[in-house]
Each structure stands twice: as C-alpha cells, then as structure tokens.
Amino acid sequence: MTTPPVGVPTCYRHSDRETWIRCQRCERPICPDCMRDAAVGFQCPDCIAEGRASVRQAKTAYGGQISANPGLTSLVLIGINAVVWIAIMATGERTSRLVDYLALRARGLCSDGEGYAIATQQACEAATSTYWVPGVSDGGLWELLTSLFVHVQPLHLGFNMLALWVLGPQLESVLGRARYLALYLLAGLAGSVAVYWLSAEFGTTLGASGSVFGLMGALVVVGIKLGGNVQGLLFWIGLNLVITFAVPNVSWQGHFGGLLGGAAIAAVLVYAPRERRTAVQVAGLGAITVLLLAAVALRTLTLT
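All the letters of the sequence shown, read from the start, carry residue numbers 16 to 319 under this note's numbering.
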C-alpha cells in the first residue's frame, strides 16, 4: 500500500486512495468506489443515505402509507381464513375442537364431542366424557376476534373471501395498509359485539361476514366523501341484507353490527381534519375500541 504525497486529497473513507473528486453535498473527497450518482454530479454514501432518510414517504389521501401491492393484506387475510378452514376440516369439521374454542358464543356449554348440553363448568369438567366449551361471558374473550376467521361450510368461506378480495384492495389503496387492517378488525369486532348482545345466549356464530359488511359500509362512506356514485354499492348492500333475512341461520346481528361499525370507522378515517389527521384518527379509533370493549363488559355483567 502506497501513501499519497502530503497535501494530496484522499478519500474520506479510504485514506490510501488519492482523489480529486468531491461530494457535491458535503464536499468531502471521494474515490471511484464511493461515488454515487446524484441529480447533479456525485455524492458520497453518507449523503445519499441521509438524503433518502429525509425524503418524505408518499401518503394516501387519508394519511396512510401507499401500498405497493394493495391486494397483499387481503391475500394474507384470505390465507389465514383458508388455513383455519383446512385445519377445521382435518379435525372433525363441525365437531372440531377448533370450532368449539374459536367460534363466538355468549355463554359456555358442555360438549361430549358430538352435541352440547347446558351445564355448569364445574359439573361438565367433573364428568369423564365431556369437556367445557367457553363463551365470552365465561372468559373466552378471544372469540370476539377469532370467530372472524372460522368457517365450516365451503360456500360460506368462498363468498366471504370473494367479497374480501373484491372490496379489500380498493380500501387499502385509499387508506393504506395499517388503516385498512384496523378497519377490517374493528368492523369485525363491532359485528361480534352486536352478536354478543343480540343473539341467543347459547348460540354459535362464526365467519368473516361482519368484517366484510364493514368493508361495504366503509366503501359507501369513502364514496360519499369523494363525491362518487354509490348507488351500485348501496344496491349490493341491500341485496346482501335481503339474503341475510331470507337464508336461515345467517347472523343478521353480525352483518348489521359490522356494517354500522365499518361506516363509523371509515368516517373517522376520511373526515379527520388534514392538519392533525393522524392524531384525530388514532383518537377516534381508540374511542370506538373503548366503546366496544365497554359494551362487552356491560353485556358480561348482565350474563353473570
């Protein structure tokens, strides 16, 4: 290794390399290995990195990060639903223990693996041939969210996932990934809370329909905010509500809860004032979450 003559500039990163080229930003000498193309001339690696860090990330109209692939989040959600369904099919279908522990019910039941009976948890667990299936009021709070990913019938799964694939990317492209995911989960939670209050105490509810109806309600609000024509979407929602009441064993409670919850969540996201948008959105979604959890706590008190 040779040492450059005294007074000859050397690369600030490689002291043994003579160079007469300087960074256009910080003016430090840089050798060919450290030269990075810039808008004008060359810059050093440190200045390039600093410039990238200081560039503002592109945002959606409502403050979220623009998704390079707006369908990715929906695809992941569809994948989770599919995996859970496959696991249920492989472990007994309707009699699967996964359905027992992941589906939503207000009160717990005693199961022998084939049917259910109303009994106390203590008596159920004391028997050798039965096991306790918890409900939300018995401590199974996770069911409020896990039930959103549980399906037994293939058509139920197929219709919900098709709707998710059609609606989800549109909302993610407008809201950004984090806000879209918050919408999906909170709308589903709103549907579950409606089921918890309005459905039969020992009934079982499952499926992503609450979240899907939430996406429908959200699209209506976004369409109105953007001044678009929402008549086609309103017709689609009306048709699905007719099906809700025409087809037996469909949870109208979850559908209505999800629809109203999705509309309220979307209103918070799209009508937040621009100058303090993120703070208002976080506060609004936090308030909705607190209200839903308070409703769960109040309902639990009426059941215990």
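Even for Gly, the Cβ is constructed at its ideal location relative to N, Cα and C.
- Within a 10 Å sphere around the beta-carbon of W35 sit fewer than 16 other beta-carbons, which makes this residue exposed.
- Within the DSSP secondary-structure output, F57 pairs in a beta bridge with D52.
- Taking the C-beta atoms as reference points, E158 is found no nearer than 8 Å to S82.
- Between the beta-carbon of G222 and that of G273 there is about 10 Å, and that puts the pair past the 8 Å contact cut.
- Ranked by Cα distance from L200, the first of A281, A298, D115, A134 is A281.
- For P169, the secondary structure class from DSSP, reduced to helix, strand or coil, is helix.
- Here the alpha carbon of A134 sits roughly 50 Å from the alpha carbon of I239.
- In terms of Cβ geometry, E216 and R122 form a close pair [threshold 8 Å].
- Taken through DSSP and simplified to helix, strand or coil, R314 comes out as helix.
- The segment 138-184 contains, as complete beta strand (DSSP E) runs of 3+ residues, the segments 146-148 (chain order).
- Of the candidates S224, G128, G247, the residue whose Cα lies closest to the Cα of L170 is S224.
- Of the candidates I45, E65, R67, the residue whose Cα lies closest to the Cα of F57 is I45.
- Residues of the same chain with a CB within less than 8 Å of the CB of V283, apart from the 5 flanking positions on each side, are V295, Q296, G299, L300, I303 in chain order.
- With a cut-off of 8 Å on Cβ pairs, the segment 124-140 is not in contact with the segment 177-193, counting fewer than three such pairs.
- Per DSSP, reduced to three states, the secondary structure at L248 is helical.
- Just measuring C-alpha positions, the residue of V167, Q246, T219 sitting nearest T106 is V167.
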